[in-house]
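Chemist:
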Amino acid sequence: MNLQTYIRPYIDLIDTLRSVGIQKDLALPTIVVIGDQSSGKSSVLEALSGIALPRGSGIVTRCPLELRLRNVTGGVSWKAVLSYRKKKIEKTIIEFGDPSLVEKHVEEAQNELAGKGVKICDDLITLEVRSADVCDLTLIDLPGIARVPVQGQPQDIGNQIKRLIMKFIEKQETINMVVVPCNIDIATTEALKMAQEIDPEGIRTLAILTKPDLIDRGTEKNILAVVQNKVIPLRKGYVMVKCRGQQQIDEKIPLVEATQIERDFFQNHDFFRPLLDENKATVKCLAIKLTQDLVSHIKKSLPKLDEQIKKQLWDVRNELKECEAGPPQDLKGAKQFLIKILTKFNDKIKSLSLGELIIEENLFVQLRTEFKKWNDAFIRILFSFLYEKKNPSCSQQVDSSKELSQNYRGRELLGFSNYRVFEMILQDRMAKLKEPAIKSLNSIKGTLTSCSSSSQQAKTEQRIMDQFEMESMIYTQDPIYLKFLNEISSEKFSEAQLPVFDIKSKYSEMLQAYYEIVVQRMADQLPMLISFYMLKETAQLLCTDMLSILEGANVSELLFEDSDVSKRRKYLQSRLGRLTAAQEALSDFI
Numbered sequence: 033m034n035l036q037t038y039i040r041p042y043i044d045l046i047d048t049l050r051s052v053g054i055q056k057d058l059a060l061p062t063i064v065v066i067g068d069q070s071s072g073k074s075s076v077l078e079a080l081s082g083i084a085l086p087r088g089s090g091i092v093t094r095c096p097l098e099l100r101l102r103n104v105t106g107g108v109s110w111k112a113v114l115s116y117r118k119k120k121i122e123k124t125i126i127e128f129g130d131p132s133l134v135e136k137h138v139e140e141a142q143n144e145l146a147g148k149g150v151k152i153c154d155d156l157i158t159l160e161v162r163s164a165d166v167c168d169l170t171l172i173d174l175p176g177i178a179r180v181p182v183q184g185q186p187q188d189i190g191n192q193i194k195r196l197i198m199k200f201i202e203k204q205e206t207i208n209m210v211v212v213p214c215n216i217d218i219a220t221t222e223a224l225k226m227a228q229e230i231d232p233e234g235i236r237t238l239a240i241l242t243k244p245d246l247i248d249r250g251t252e253k254n255i256l257a258v259v260q261n262k263v264i265p266l267r268k269g270y271v272m273v274k275c276r277g278q279q280q281i282d283e284k285i286p287l288v289e290a291t292q293i294e295r296d297f298f299q300n301h302d303f304f305r306p307l308l309d310e311n312k313a314t315v316k317c318l319a320i321k322l323t324q325d326l327v328s329h330i331k332k333s334l335p336k337l338d339e340q341i342k343k344q345l346w347d348v349r350n351e352l353k354e355c356e357a358g359p360p361q362d363l364k365g366a367k368q369f370l371i372k373i374l375t376k377f378n379d380k381i382k383s384l385s386l387g388e389l390i391i392e393e394n395l396f397v398q399l400r401t402e403f404k405k406w407n408d409a410f411i412r413i414l415f416s417f418l419y420e421k422k423n424p425s426c427s428q429q430v431d432s433s434k435e436l437s438q439n440y441r442g443r444e445l446l447g448f449s450n451y452r453v454f455e456m457i458l459q460d461r462m463a464k465l466k467e468p469a470i471k472s473l474n475s476i477k478g479t480l481t482s483c484s485s486s487s488q489q490a491k492t493e494q495r496i497m498d499q500f501e502m503e504s505m506i507y508t509q510d511p512i513y514l515k516f517l518n519e520i521s522s523e524k525f526s527e528a529q530l531p532v533f534d535i536k537s538k539y540s541e542m543l544q545a546y547y548e549i550v551v552q553r554m555a556d557q558l559p560m561l562i563s564f565y566m567l568k569e570t571a572q573l574l575c576t577d578m579l580s581i582l583e584g585a586n587v588s589e590l591l592f593e594d595s596d597v598s599k600r601r602k603y604l605q606s607r608l609g610r611l612t613a614a615q616e617a618l619s620d621f622i
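Quick note: the sequence shown uses the numbering used here, first residue 33, plus one each step.
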């Protein structure tokens with residue numbers, strides 16, 4: 033097995049995982065490139081990739097740039113694919129076959145994400161390059177560390193960049209590739225300080241020394257000691273490179289020629305020549321080392337990665353069980369889902385209206401309590417005069433016969449009866465019942481707010497008022513009246529005696545008999561009106577309205593959800609998709 037065949041699957045695996053977005057859920061093995069401004073970062077990446085990336089003074093890299101290098105053979109021409117996603121907008125993908133367009137497309141992508149100017153952005157840009165002249169490698173380039181903001185930059189630009197860098201390098205799965213110029217004191221570079229802060233033992237830090245041709249005479253031994261890991265020890269060590277300088281770029285010296293110039297530089301250098309034999313110099317050596325380090329890092333990370341994915345899959349599936357299933361995405365499935373939901377809703381409404389659905393907070397239990405209050409108020413008002421009469425300690429005792437003969441006597445001579453007086457007393461008592469009836473209705477409205485519409489509530493109130501108007505007519509069937517009267521009176525009456533028993537001494541009993549008829553009638557009538565108009569009829573109207581929705585309905589609009597449960601479900605479904613795809617990709621390696 034050649035090296036490329038061995039390396040490629042592991043790098044492709046991580047690229048696949050990143051493509052499905054699994055990095056949103058867990059950290060992936062990767063190499064990130066950090067360095068102070070003008071450290072030579074872009075030159076190193078250019079030498080590794082064979083393409084010209086944006087260059088210049090100040091902040092050139094303004095968004096994280098994932099550089100995927102794919103070595104292809106068999107006469108395949110150079111090809112690149114640049115992609116990025118702005119917020120939640122559909123991903124932008126640009127394919128091109130001209131290397132000279134890389135700089136233009138990267139700059140345009142950065143302007144789209146971070147805005148034109150010198151601001152930075154956390155959004156990732158991915159550039160995949162397929163060529164016979166590159167190694168198999170993936171790394172992420174981050175903005176250079178700035179100390180002093182230039183015109184147009186926020187005052188805290190330095191902190192913004194450090195925050196972005198820290199977001200990547202603090203993860204244990206990341207290899208930190210720190211680019212440091214040879215012509216400055218390595219211990220003072222901000223990039224290396226940041227790497228040491230989160231990786232004090234230097235276990236996952238690799239330093240790249242650039243610009244060896246610019247060092248002062250007499251400092252060569254000091255630089256050599258750094259590369260040989262004698263000054264600031266790093267487990268992954270140091271590699272020195274000499275990339276194209278600005279003059280070589282202006283003269284358009286090809287990278288292939290620049291590679292030979294670099295090797296000649298080290299070969300002819302009195303102090304740095306030994307680095308070639310130690311595999312610690314040249315871009316070619318760096319490319320091999322990076323690839324080997326990344327693959328080794330990936331292999332070590334896979335068992336832990338697999339364990340994390342399995343655990344998160346378990347957690348996500350359990351959380352999804354707590355969310356009700358959402359609507360299907362396809363139109364046919366969505367319509368069937370809507371029909372099912374409406375049918376289920378209608379069945380539930382009918383069951384609620386009929387008192388058949390037994391739930392923890394049973395609707396009819398609450399209504400029955402309110403209906404009892406109404407019945408109690410009804411009896412209390414209707415029989416208040418009877419209670420007063422029967423209570424000898426009451427200072428306001430009322431003798432009904434006397435009251436009729438004195439307070440309600442009309443133009444009739446003494447001893448004659450007047451039915452109108454009887455009727456007026458009853459009507460007066462009935463009028464006093466309106467207030468507790470409305471109070472009871474208003475209380476029940478609160479209980480049924482989610483079940484009945486305001487129009488149905490108004491209709492119910494009108495029907496109750498109509499019922500009181502009808503009660504003012506004072507009517508009941510003779511047999512019914514006689515039945516109640518006989519239950520109250522010590523004497524027994526029949527229709528044959530009418531109107532013989534119409535004597536004032538019996539008026540109190542006659543009033544009570546009719547009151548009890550009204551009690552039985554009205555005590556049931558108000559609950560029945562409420563149950564019919566505010567429950568049953570509302571349920572029927574709702575069912576009709578629900579079914580009419582299907583006619584010419586925009587199913588997508590009807591099923592659109594903006595609730596917290598919906599957002600949670602979509603988030604979990606998205607995670608489930610990513611984790612499932614990641615598990616499938618890992619299955620061939622575990």
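For every residue, glycine included, the Cβ atom is placed at its ideal position computed from N, Cα and C.
Because the structure is a prediction, the values reported are computed rather than measured.
From the DSSP output, read off the bridge partner residues of ASP173.
Modeler: VAL65, LEU97.
Chemist: To the nearest whole angstrom, what separates the beta carbons of VAL551 and PHE410, a pair I think is in contact under 8 Å?
Modeler: About 6 Å; that satisfies the 8 Å criterion.
Chemist: Mapping the DSSP letters down to three states, classify SER433 as helix, strand or coil.
Modeler: Only weak support exists for where SER433 lies, its pLDDT of 47 falling under 50; the value from the coordinates is given anyway. In this structure, SER433 counts as helix in the three-state DSSP scheme.
Chemist: Does the contact criterion of 3 or more C-beta pairs under 8 Å hold for the region 252-266 versus the region 232-242?
Modeler: In short, these stretches touch, since the Cβ pair count reaches three.
Chemist: In or out: GLY614 buried (at least 16 other Cβ within 10 Å) or exposed?
Modeler: First, the amino acid is wrong: residue 614 is Ala here, not Gly. Buried, because 16 or more other Cβ atoms sit within 10 Å of the Cβ of ALA614.
Chemist: Compare the C-alpha of PRO175 against each of GLU402, ASP57, LYS111, ILE66 and name the closest.
Modeler: Out of GLU402, ASP57, LYS111, ILE66, ILE66 has the C-alpha closest to the C-alpha of PRO175.
Chemist: Cβ atoms of GLN344 and LEU49: under 8 Å apart, would you say?
Modeler: For LEU49 and GLN344, no; Cβs fall outside 8 Å.
Chemist: Please state whether DSSP places ILE264 in a helix, a strand or coil.
Modeler: ILE264 falls in the coil class under three-state DSSP.
Chemist: What is the DSSP secondary structure of PRO213, reduced to helix, strand or coil?
Modeler: Strand at PRO213.
Chemist: Nearer than 7 Å: is that true of the beta carbon of SER504 relative to any heavy atom of the ligand GTP?
Modeler: Because no ligand of any kind appears in the structure shown, any question about the ligand GTP cannot be addressed here.
Chemist: Taking the Cβ atom as the reference point for each residue, do GLU222 and ILE281 lie within a distance shorter than 8 Å?
Modeler: Not in contact: GLU222 and ILE281 (Cβ atoms no closer than 8 Å).
Chemist: If you count every other CB in all the chains shown that lies within 10 Å of the CB of SER314, and 16 or more means buried, which is it?
Modeler: Checking the displayed sequence, the identity of residue 314 turns out to be Thr instead of Ser. Burial call: buried.
Chemist: So, under 8 Å CB-CB, THR492 and TYR565 are touching, yes? Tell me the CB distance rounded to an integer number of Å.
Modeler: Right, the Cβ-Cβ distance comes to about 4 Å (below 8 Å), so this counts as a contact.
Chemist: Exposed or buried, SER433, counting other C-beta atoms within 10 Å across all chains shown (16 or more means buried)?
Modeler: Its pLDDT being 47, under 50, SER433 is placed unreliably in this model, and the coordinates cannot settle the point.
Chemist: What distance in whole Å lies between the Cβ atoms of GLU160 and ARG94, which are believed to be in contact at a cut-off of 8 Å?
Modeler: Incorrect: roughly 20 Å between the Cβ atoms, too far for contact.
Chemist: Since ASP165 and LEU196 are thought to touch, with beta carbons under 8 Å apart, how far apart are those beta carbons, to the nearest angstrom?
Modeler: With a Cβ gap of about 31 Å, ASP165 and LEU196 do not count as contacting.
Chemist: When you compare only the Cα positions, how much space is there between SER521 and ILE496?
Modeler: Roughly 32 Å between the two C-alpha positions.
Chemist: In the structure shown, what three-state DSSP assignment does GLU503 receive?
Modeler: Of the three classes helix, strand and coil, the one that applies to GLU503 here is helix, per DSSP.
Chemist: Taking the C-alpha atoms as reference points, what is the distance between LYS316 and VAL271?
Modeler: Straight-line Cα distance between these residues: approximately 10 Å.
Chemist: Unbroken alpha helix (DSSP H) runs of length 4 or more, entirely within the region 593-618: which are they?
Modeler: Qualifying alpha helix (DSSP H) stretches, in chain order: 596-618.
Chemist: Please identify the residue among THR576, VAL597, LEU465, SER475 whose C-alpha is closest to the C-alpha of ARG400.
Modeler: Answer by Cα proximity: SER475.
Chemist: Whole angstroms is fine: what's the gap from LEU114's alpha carbon to ILE193's?
Modeler: Going by the C-alpha atoms only, they are around 23 Å apart.
Chemist: Should ALA59 and CYS167 be called a contact, given that it needs their Cβ atoms to be closer than 8 Å?
Modeler: Cβ distance not < 8 Å, so ALA59 and CYS167 don't count as in contact.
Chemist: Quick one: give me the first and last residue of the beta strand (DSSP E) that ARG162 is part of.
Modeler: Counting along the chain, the beta strand (DSSP E) containing ARG162 begins and ends at 157-163.
Chemist: Mind checking which residues open and close the beta strand (DSSP E) that includes ALA59?
Modeler: Unbroken run through ALA59: none, as it is neither H nor E.
Chemist: Verify whether the separation of the beta carbon atoms of LEU458 and ILE506 is less than 8 Å.
Modeler: Yes, Cβ-Cβ distance for LEU458 and ILE506 is below 8 Å.
Chemist: Alpha carbon to alpha carbon, how far is PRO61 from HIS329? Give it in angstroms, no decimals.
Modeler: In a straight line, the C-alpha of HIS329 is about 7 Å away from that of PRO61.
Chemist: Are the Cβ atoms of MET198 and VAL64 separated by less than 8 Å?
Modeler: In this structure, VAL64 does not lie closer than 8 Å to MET198 by Cβ.
Chemist: CB LYS405 to CB SER472, shorter than 8 Å?
Modeler: In this structure, SER472 lies closer than 8 Å to LYS405 by Cβ.
Chemist: Between LEU334 and ILE622, is the Cβ-Cβ spacing less than 8 Å?
Modeler: In this structure, ILE622 lies closer than 8 Å to LEU334 by Cβ.
Chemist: Locate the beta strand (DSSP E) running through LEU241, then write down its first and last residues.
Modeler: 237-242 is the extent of the beta strand (DSSP E) around LEU241.
Chemist: Quick one: Cα of ASN254 to Cα of ILE172, how far?
Modeler: Roughly 30 Å separates the two Cα atoms.
Chemist: Measuring alpha carbon to alpha carbon, tell me which residue in CYS275, GLU283, ILE285 is nearest ARG295.
Modeler: Cα-wise, what sits closest to ARG295 is CYS275.
Chemist: Return the first residue and the last residue of the beta strand (DSSP E) that ALA112 is part of.
Modeler: Its beta strand (DSSP E) spans residues 111-116.
Chemist: DSSP on VAL13, reduced to helix/strand/coil?
Modeler: Since the first residue shown for the chain is 33 and the last is 622, residue 13 is missing from the structure and cannot be characterised.
Chemist: Where does VAL597 land, buried or exposed, given buried means 16+ other C-beta within 10 angstroms?
Modeler: Exposed.
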